[in-house]
Amino acid sequence: MERLKAFAPAQGWAEYEVVAEVGSATRKRRRFLQVLADPGVSRIVVEKRHHLNQFGFPLVEAALRASGRRIVVLEDECG
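For the sequence shown, position 8 matches number -2 in this note's numbering, and the numbering has no gaps at all.
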């Protein structure tokens, strides 16, 4: 969580919100689904790619890209 909180300011992103959802059940991921559906969100940053596997990472990534948005994976960016 701390890496996520530090990443956005380090990129120079002035506006960001950290949404933390613990648990694997889809019904518990309502807030994340709201973020996905919000066209005002230009980037979604996740710590690890597998955190989105239950949603189908390639599908989420493609849908975001199709609407001019993107997903950033910290393990890809920061190692």
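Beta carbons are placed, not taken as given, at the ideal position from N, Cα and C, and that holds for glycine. Just so we're clear, the structure is a prediction, and the values are computed from it rather than from any experiment.
Can you give me the start and stop residues for the alpha helix (DSSP H) that residue i sits inside?
i	result
valine 25	20 to 27
arginine 39	Premise fails: arginine 39 is in no alpha helix (DSSP H) and is neither H nor E.
histidine 0	According to the sequence provided, residue 0 is alanine. The question's histidine does not apply to it. Run containing alanine 0: -8 to 0, per the alpha helix (DSSP H) assignment.
Short of 6 Å in beta carbon distance, which residues of its chain neighbour residue i, apart from the five on each side in sequence? Order them along the chain.
i	result
valine 31	Val25
alanine -2	Tyr6
Once you ignore the five residues that flank residue i on each side, which residues in its own chain have a CB closer than 8 Å to its CB?
i	result
arginine -7	Glu37, Leu64 and Cys68
Can you check which of these residues, the options, is closest to residue i by C-alpha distance?
i	options	result
methionine 74	His41, Pro29, Ala27 and Arg20	The chain is shown from -9 up to 69; residue 74 falls before or after that span and cannot be answered.
phenylalanine 10	Ala4, Arg20 and Trp3	Here residue 10 turns out to be alanine, not phenylalanine, going by the sequence shown. Closest by alpha carbon: Arg20.
proline 29	Gly46, Arg55 and Pro48	Arg55
For residue i, name the three-state secondary structure that DSSP assigns.
i	result
arginine 59	coil
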